[in-house]
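Trainee: Once you've had a glance at the structure underneath, I'll fire off some questions.
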Amino acid sequence: MGFILVQFLTGLASASSLFLVAAGLTVIFGVTRVVNFAHGSLYMLGAYLGWTILSALPRDPAWFALGVVLTGAGVAAIGMTIETTLLRRIYKAPELLQLLATFGVVLIVQDVVLKVWGPDDLTLPRPRWMRAFVTIADQRVPVYDLLTIAIGPLMLLGLWLLFTRTRWGTLVRAATQDREMVAALGVDQRRLFTAVFALGAGLAGIGGALALPDGSANGQMDLTVITDAFVVVVVGGLGSLPGAFLASLTIALLQAFGIVLFPKITLVLVFIVMAVVLVLRPNGLLGRPLAAARGDANTPALVRAAVPALRWLGAAVLLLAALAPLFAGPFALSVLTEMAIAMLFAASLHAMMGPGGMVSFGHAAWFGLGAYGAAFAVKGLALSMPAALIIAPAGAALAALLFGGFVVRLSGVYLAMLTLAFAQIVWAIMFQAVSVTGGDNGILGVWPAAWATDPRTYYWLTLAICTAGVLLLRRILYAPFGYALRAARDSETRAAAIGLNAAWLRLAALVMAGAAAGLAGGLTAFAKGSVFPGYVSIGRSVDALLMVLLGGVQSMAGPVAGALVYTGLFDILLMVTDLWRLVLGLSIVALVLIFPQGIAGTVHRLWLRGREA
Amino acid sequence: MTVLAVAGLVKSFGGVQAVNGVSFSVAAGEMLALIGPNGAGKSTCFNMLNGQIKPDSGRIALNGRNIAGLSPNRVWRLGVGRTFQIAATFASMTVRENVQVALLAHRRHIWRFWRPAAAWFVPEADALLTQVGMRDQAERAASVLAYGDLKRLELAIALANAPRLLLMDEPTAGMAPAERTALMQLTRSLASRQGLAVLFTEHDMDVVFGVATRIVVLNRGELIAEGDGPTIRADPRVRAVYLGSGVTSGGHRC
Amino acid sequence: MHLRRRTLLATAATLAAPAIVRAQGDTPIRIGEINSYTAVPAFTLPYRNGWQLAAEHVNAAGGVLGRTIEVVSRDDAGHPPDAIRLAGELINDRKVDLLAGTFLSNIGLAIGDFALQNKKLFVAGEPLTDALVWAKGNRYTYRLRPSTYMQAAMLADDAAKLKAKRWVTVAPNYEYGQSAVKWFKQLLTERQPDVEFVGEQWPALGKIDAGATVSALAELKPDAIYNVTFGADLTNFVRQGNTRGLFDGRGVVSVLTGEPEYLLPLGEETPGGWIVTGYPVDSLTDPANKKFIDAYKAKYNELPKMGSVVGYALINSIVAGIAKAGSADTEKMADAFGGTSFETPFGPALWRGIDHQSTLGTYVGKTALKDGKPAMTDWRYVDGASALPSDAAVAKMRPA
């Protein structure tokens, strides 16, 4: 009994910690609709900045509290800087472009932290009061845990009072419901957004500082925290603080007791919780359906087939690519092979995300299933490479078909997060089932068939398959099916009124995208000679998202351009500089500011300027 | 010839009687206006006709066939077109493509993956656009149209399945007065030329009395009057309802 | 902006231009080095200092075979596919004579397989996975550090001396953690047949829920604990364990915890008396260690870490192998490395011919606080050769 009580208290403490991070994220999303990928980075900055501040202060509780508050203020100031210099400039851009910008910030912060605070984990010495414990039912419970347990609900109460009992809070809540209405009331929305972003960042900073007594400030905490925070926010219902609190409690308590019963469930537990919640409650525990974002930026632009000049450019690039093996060395070929594959991978995400209107945070699931499918085919079933390259897309498509039924019922960020949950469950299986998949050591020796071993041959094969794949996807998107899919995205009401079944159309698009991504995964397996759980990881999903957003979601030219630019930029930067994260992050931020509609989208707009009445 | 016959339609939401035993009918070539003050049950009535809401009881006969409780999709397939209070069109497509998609859906050509959509049913789409006077704007993006043009486009989409019955929910909402009359005159000429039955709700009494063949007045879920313009104008119960609520014309929705 | 080695422009040019063929002879011997510099900086930055120091020493002493050595280094970002691409770049464009480095096991294995496919020598520094030289071993792959098995074997003797009966384990939930627990269970059971493993915890790497993990372990009332967590997880685990009294009166055996990379962050919370493998850098006085430590301190103004030793020894081991081969030809090196002995800060070690594992060992000792700072005491050096299974057992594990 005593153990259950203590484990319960431990779970409550974890819940409070989770809530502190998630609260800021949900507040920011609720008002500004920014999917703030950099929230984990703000948390990490809170830990590092907190370490610097708290190390300089006396160690008793009052000074500690002051130091935490100072840290929160410092991170709020950083957040305010990010909002005013970067995000404010792109609120008018399509939704999700902010996600791309904040990802740039993630990369920048990683290198800044490494340069400022060095590579070692930083720990704050704990004075006696921090190490103290009370004995409950013969078990020790840290006093700091009890403090943490209290801070969560207090923070919830404080935020609740702020949002319900002050004029400012009322405005923020109104903005959560209807941004345009608040703007119409004459409230300076820009200042409101800046303040909200600073508040959210400050909460993240406080969360980071409060985590110090239990551990360390380290360079990995941004990415470990961000997924958990997103899960909590989505499970709770976007923009809902009580929801986030309830979700934190649910997840932390399930975790505390789950690891006692199933010690190996640690990797996958939160994602199973999220998947179950989203399947049962498509808007999270306490969330309400989101009103569709309005405004010019989110009115879908007219989709036109490429102008002749672009077709000629495409043909010229393709010709050049086809001739590349005649003058490029093996390494350049390996980069070009990656680019070709990235092009198909990005195009596959575009198919569901652009015309399908389904943003995916877990697109790596299909890529990874394709890669593993190909590896199992050659290593397990001793099949040939061509057979494996048929199994790869087929397997991914089958998985997309089975899982897609749950996905297409949802929309927006909820849909995106359900795809992430599925991808993470697949990842955990690949990671944990060591005897079948080799775990993180992967499956080795998946090299191409003898006739394709020459890098030039394999490159030509890849280029042919990927180009054909992209063109086929494009063809389908301009065929009646693609129009119907786009119709269901543009106006669900009208689509239903002319007898289109949006769910079936989306499912078909998901299967198609899954197959194409699976094919890209299969090609990667042979290009690299091995498959790893990394192919199903969040990072790989983010890559796909970056490529599509960077290029622009409006037409097929977008993901192609995005894939080529991002892959090329990454491959070169990684080779030439230690500070590739900083340079890549700055490049992404610059590209976002220069091409707010994505590269292809913005170029297209400039092209049209003066050409169309 | 009667196209739509509604008999004893009932719907309540959590104890509130939204529609209570309403019966009326619409004949081919006829324009029937469904009017009443806010909360009279017009929208509920309307949404039951096109399948978005299932009636508690009552019969909705389309050419003699009961369609009560069928899905919007099925209702559409049986020949009911509709327009929405806020025009619902496909913003990422041109005017012609909007109509082409509706035609593709009507002819069940959606699950085709090869021949470009732009190549399908061009003459048919242009014919529909000509009917609504939008032929010269066929290449423009739907997203840049003036609101009146968007409404006409929506009308063309709604006609793509060659409906016997056209349901129009507040067709002139948001339009300038001159445009309103033009749209409704267009609808009226289409109705009489093609023998189309039209049922519409409308706040603007000038439009109602200007184009409706007959008018049905609802109040608190019940039908209180039915007849042509002069009859309705003269009806004391209608006058009581409208004078009581202070709205007689102007069409300004709250 | 600090662009290392060459500008963006030059790289763009090499991407497009045909590879330059270089004449042998007076050109340096090029070692293509790949590691997770941005993903695991706490280990790899001291490691880079180590190999840079070694390269300086080697070249100051006249190089090898009359040629200087040059290390061309790349960051793999912690991703196997990127590592493989960069390995291709190093081989094909930079014309390196062999590949070296890597930290993460999966990258080590990927490069090992790439080396086999491309018939290039690969000398792995840090990856601990046993598969690298055993189940997935190949003609072209060598590995310097004591593997997961060897670490477990070095600890098993001392663990048996605890005479604890009820054991629990806590390890990160991936292949390394699983192997470390599997070997330890097997080796301890061989030494102490009545041992019982009564429970296990598998926190996700980097995401340990330390409070819940500690109390779940405590509830099992174990006599002793075997820990495989490291880095940030270890810090969280130790802090919760200290407060909740998990370690009081219990023996703890912990892999790698004595390495400065992982020990120093524990600070004044370092629990005393844990039996660990590691590097007692502040108390080593033998000539080989001292010479290295002094040189390192002189150049970098800080004490070396375990990574520094690995980086330093890696270059030395490669140079010794090349000297023995008498050439930087891949096939000659692949043949000659086996049986080559080389100097390391820890003393002499040997490349084994049978499985391409080096006999570099590590220190086994106890954790302690010395003047408020974490340290290792009662340490002894355990030669890697003594922690390996029999040749027959090894031969069975290697692919034919």
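Same order as they appear, the protein sequences are chains C, F and G. Here my numbering runs 205 ahead of the position in the first sequence, where the first position is 1. Here my numbering runs 19 ahead of the position in the second sequence, where the first position is 1. Here my numbering runs 15 ahead of the position in the third sequence, where the first position is 1. Heads up, the beta-carbon is just placed ideally off N, CA and C, and yes, glycines get one too. The structure displayed is predicted, hence computed values, not measured ones.
Could you tell me whether any Cβ in chain C is nearer than 9 Å to the Cβ of G/Leu-124?
Mentor: Indexing the third sequence from 1 puts residue 124 of chain G at position 109. At least one chain C Cβ lies under 9 Å of G/Leu-124.
Trainee: With a threshold of 9 Å between beta carbons, is C/Ala-684 in contact with chain F?
Mentor: Sequence index remark: in the first sequence, residue 684 of chain C carries index 479 (1-based). With 9 Å as the cut-off, C/Ala-684 counts as an interface residue toward chain F.
Trainee: In terms of residues, what are the limits of the alpha helix (DSSP H) holding G/Asn-50?
Mentor: What you label residue 50 of chain G is simply residue 35 of the third sequence in a count that begins at 1. Unbroken run through G/Asn-50 is the beta strand (DSSP E), 44 to 50; no alpha helix (DSSP H).
Trainee: List the residues of chain G that C/Ser-822 touches, going by C-beta distances under 8 Å, in chain order.
Mentor: The structure shown does not extend to residue 822 of chain C, since chain C spans only 206 to 818, so no value can be given for it.
Trainee: Comparing C-alpha positions only, which one of G/Thr-300, G/Glu-234, G/Asn-107, G/Gly-353 sits nearest to G/Phe-262?
Mentor: Position 247 of the third sequence, counting from 1, holds the residue named residue 262 of chain G. With distances taken between Cα atoms, G/Phe-262 lies closest to G/Glu-234.
Trainee: From C/Phe-532 to C/Glu-697, what does the alpha carbon distance come to, in whole angstroms?
Mentor: As a working note, residue 532 of chain C is residue 327 in the first sequence. As a working note, residue 697 of chain C is residue 492 in the first sequence. Roughly 51 Å separates the two Cα atoms.
Trainee: Whole angstroms is fine: what's the gap from G/Glu-274's alpha carbon to C/Ile-313's?
Mentor: Start at 1 with the first residue of the third sequence, and residue 274 of chain G comes out as number 259. Start at 1 with the first residue of the first sequence, and residue 313 of chain C comes out as number 108. C-alpha separation (whole angstroms): 30 Å.
Trainee: When you compare only the Cα positions, how much space is there between G/Gly-93 and C/Gln-344?
Mentor: If you number the third sequence from 1, residue 93 of chain G lands on position 78. If you number the first sequence from 1, residue 344 of chain C lands on position 139. If you take the alpha carbons of G/Gly-93 and C/Gln-344, they lie about 41 Å apart.
Trainee: For the alpha helix (DSSP H) holding G/Asn-331, just list the boundary residues, first then last.
Mentor: Locating residue 331 of chain G in the third sequence gives position 316, counting from the first residue. First-last of the alpha helix (DSSP H) with G/Asn-331: 321 to 340.
Trainee: Look at the Cβ atom of C/Val-310, then the Cβ atom of C/Val-794, and state whether they are nearer than 9 Å.
Mentor: As a first step, residue 310 of chain C is located in the first sequence; it is residue number 105 there, counting from the start. As a first step, residue 794 of chain C is located in the first sequence; it is residue number 589 there, counting from the start. Yes; because the gap between Cβ atoms is below 9 Å, this pair is in contact.
Trainee: Is the CB of C/Lys-584 under 9 Å away from at least one CB in chain G?
Mentor: Translated into the one-based positions of the first sequence, residue 584 of chain C becomes position 379. No, no contact with chain G.
Trainee: Would you check if the distance between the CB atom of F/Ala-106 and the CB atom of F/Lys-170 is smaller than 9 Å?
Mentor: Here residue 106 of chain F refers to the residue found at position 87 of the second sequence. Here residue 170 of chain F refers to the residue found at position 151 of the second sequence. Yes, these two residues count as a Cβ contact at 9 Å.
Trainee: Quick check on F/Val-151 - is its C-beta less than 9 Å from some C-beta in chain C?
Mentor: Position 132 of the second sequence, counted from the start, is the residue given in the question as residue 151 of chain F. Using a Cβ-Cβ cut-off of 9 Å, F/Val-151 does not count as an interface residue toward chain C, since no Cβ of chain C sits closer than that to its own.
Trainee: Looking only at DSSP bridge pairs, what is G/Asp-297 linked to?
Mentor: Residue mapping note: residue 297 of chain G aligns to position 282 of the third sequence, counting from 1. DSSP output for G/Asp-297 lists no bridge partner at all.
Trainee: Whose C-alpha, out of G/Leu-232, G/Val-79, G/Phe-357, is nearest the C-alpha of G/Leu-375?
Mentor: For this step, residue 375 of chain G is matched to residue 360 along the third sequence. Taking only the C-alpha atoms, the option nearest G/Leu-375 is G/Phe-357.
Trainee: Can you give the Cα-Cα distance for C/Ser-735 and C/Ala-602, rounded to whole angstroms?
Mentor: As a position in the first sequence, residue 735 of chain C is number 530, starting the count at 1. As a position in the first sequence, residue 602 of chain C is number 397, starting the count at 1. Each residue's alpha carbon lies about 21 Å from the other.
Trainee: In the DSSP assignment, what are the bridge partners of C/Pro-347?
Mentor: In the first sequence, residue 347 of chain C corresponds to position 142, counting from 1. Answer is C/Phe-338, bridged to C/Pro-347.
Trainee: Assuming G/Pro-389 is part of the beta strand (DSSP E), what are its boundary residues?
Mentor: For the purposes of this step, residue 389 of chain G is taken as the residue at position 374 of the third sequence. Counting along the chain, the beta strand (DSSP E) containing G/Pro-389 begins and ends at 388 to 397.
Trainee: Measuring only between beta-carbons, confirm whether C/Val-508 sits less than 9 Å from chain F.
Mentor: Locating residue 508 of chain C in the first sequence gives position 303, counting from the first residue. Yes, C/Val-508 counts as interfacial toward chain F.
Trainee: Between which two residues does the alpha helix (DSSP H) containing G/Asn-242 stretch?
Mentor: Here residue 242 of chain G is taken as the residue at index 227 of the third sequence, counted from 1. Premise fails: G/Asn-242 lies in the beta strand (DSSP E), 239 to 242, not in any alpha helix (DSSP H).
Trainee: Below 7 Å between beta carbons is the criterion; list the residues of the stretch 639 to 660 of chain C that meet it against any residue of chain G, in chain order.
Mentor: Residues Val-639, Gly-644, Asp-645, Asn-646, Gly-647, Leu-649, Gly-650, Trp-652.
Trainee: With a threshold of 9 Å between beta carbons, is G/Arg-413 in contact with chain C?
Mentor: Numbered from its first residue, the third sequence carries residue 413 of chain G at position 398. G/Arg-413 does not count as touching chain C.
Trainee: From C/Leu-351 to C/Leu-214, what distance separates their C-alpha atoms?
Mentor: Translated into the one-based positions of the first sequence, residue 351 of chain C becomes position 146. Translated into the one-based positions of the first sequence, residue 214 of chain C becomes position 9. Using only the alpha carbons, I get a separation of about 8 Å.
Trainee: By the 10 Å Cβ neighbour count, where 16 or more other Cβ atoms means buried, how is G/Trp-131 classified, buried or exposed?
Mentor: Counting from 1 along the third sequence, the entry for residue 131 of chain G is found at position 116. Residue identity check: residue 131 of chain G is Leu in the sequence provided, not Trp. By the 10 Å Cβ count, G/Leu-131 comes out buried.
Trainee: Give, in chain order, every residue of the stretch 222 to 247 of chain G whose Cβ lies closer than 7 Å to some Cβ of chain C.
Mentor: Per Cβ criterion, the list reads Lys-222, Asp-224, Ala-225, Gly-226, Ala-227, Thr-228, Ser-230, Ala-231, Glu-234, Gly-246, Ala-247.
Trainee: Which residues, taken in chain order from the stretch 507 to 540 of chain C, show a beta carbon closer than 8 Å to some beta carbon of chain G?
Mentor: Phe-532, Ala-533, Gly-534, Pro-535, Phe-536, Ala-537, Ser-539, Val-540
Trainee: Count the other CB atoms within 10 Å of the CB of C/Ser-565; is the residue buried (16 or more) or exposed (fewer)?
Mentor: For this step, residue 565 of chain C is matched to residue 360 along the first sequence. C/Ser-565 is buried by the Cβ-count criterion.
Trainee: In angstroms, rounded to a whole number, what distance separates the CA positions of F/Gly-77 and C/Val-612?
Mentor: Counting from one through the second sequence, the residue named residue 77 of chain F turns up at place 58. Counting from one through the first sequence, the residue named residue 612 of chain C turns up at place 407. Rounded to the nearest angstrom, the two C-alpha atoms are 37 Å apart.
Trainee: Can you pull out the residues from the stretch 85 to 108 of chain G whose beta carbon lies closer than 7 Å to at least one beta carbon of chain C?
Mentor: Arg-89, Asp-90, Ala-92, His-94, Pro-95, Pro-96, Asp-97, Ile-99, Arg-100, Leu-101, Gly-103, Glu-104, Asn-107, Asp-108
Trainee: What whole-angstrom Cβ distance do C/Ala-422 and C/Tyr-253 have, given they're in contact under 8 Å?
Mentor: Position 217 of the first sequence, counted from the first residue, corresponds to residue 422 of chain C. Position 48 of the first sequence, counted from the first residue, corresponds to residue 253 of chain C. Their Cβ separation, rounded to whole angstroms, is 5 Å, which keeps C/Ala-422 and C/Tyr-253 in contact under 8 Å.
Trainee: Is the shortest distance between the beta-carbon of C/Ile-464 and the beta-carbons of chain G less than 9 Å?
Mentor: Taking the first residue of the first sequence as position 1, residue 464 of chain C is located at position 259. It does; some Cβ of chain G falls within 9 Å.
Trainee: Using only alpha-carbon positions, find the residue among G/Lys-151, G/Thr-156, G/Ala-408 that is nearest to G/Ala-115.
Mentor: On the third sequence, residue 115 of chain G is found 100 positions in, with the first residue counted as 1. Of the candidates G/Lys-151, G/Thr-156, G/Ala-408, the one whose C-alpha sits nearest the C-alpha of G/Ala-115 is G/Thr-156.
Trainee: From what residue to what residue does the beta strand (DSSP E) around F/Met-187 run?
Mentor: Numbered from its first residue, the second sequence carries residue 187 of chain F at position 168. Start and end: 184 to 187.
Trainee: Who are the Cβ neighbours of C/Arg-499 in its own chain at under 7 Å, not counting the five residues just before and after it?
Mentor: The residue you call residue 499 of chain C lines up with position 294 of the first sequence. Here C/Arg-499 scores only 47 on pLDDT, less than 50, and its place in the model should not be relied on; the value that follows carries that caveat. Excluding positions up to five away in sequence, the list reads Glu-385.
Trainee: What's the gap between the Cα of G/Thr-163 and the Cα of C/Ala-628?
Mentor: In the third sequence, counting from the first residue as 1, residue 163 of chain G sits at position 148. In the first sequence, counting from the first residue as 1, residue 628 of chain C sits at position 423. Cα-Cα distance, rounded: 30 Å.
Trainee: Check F/Phe-32 in the structure and name its three-state DSSP category.
Mentor: Along the second sequence, read from residue 1 onward, the residue named residue 32 of chain F stands at position 13. If DSSP states are grouped into helix, strand and coil, F/Phe-32 belongs with the strands.
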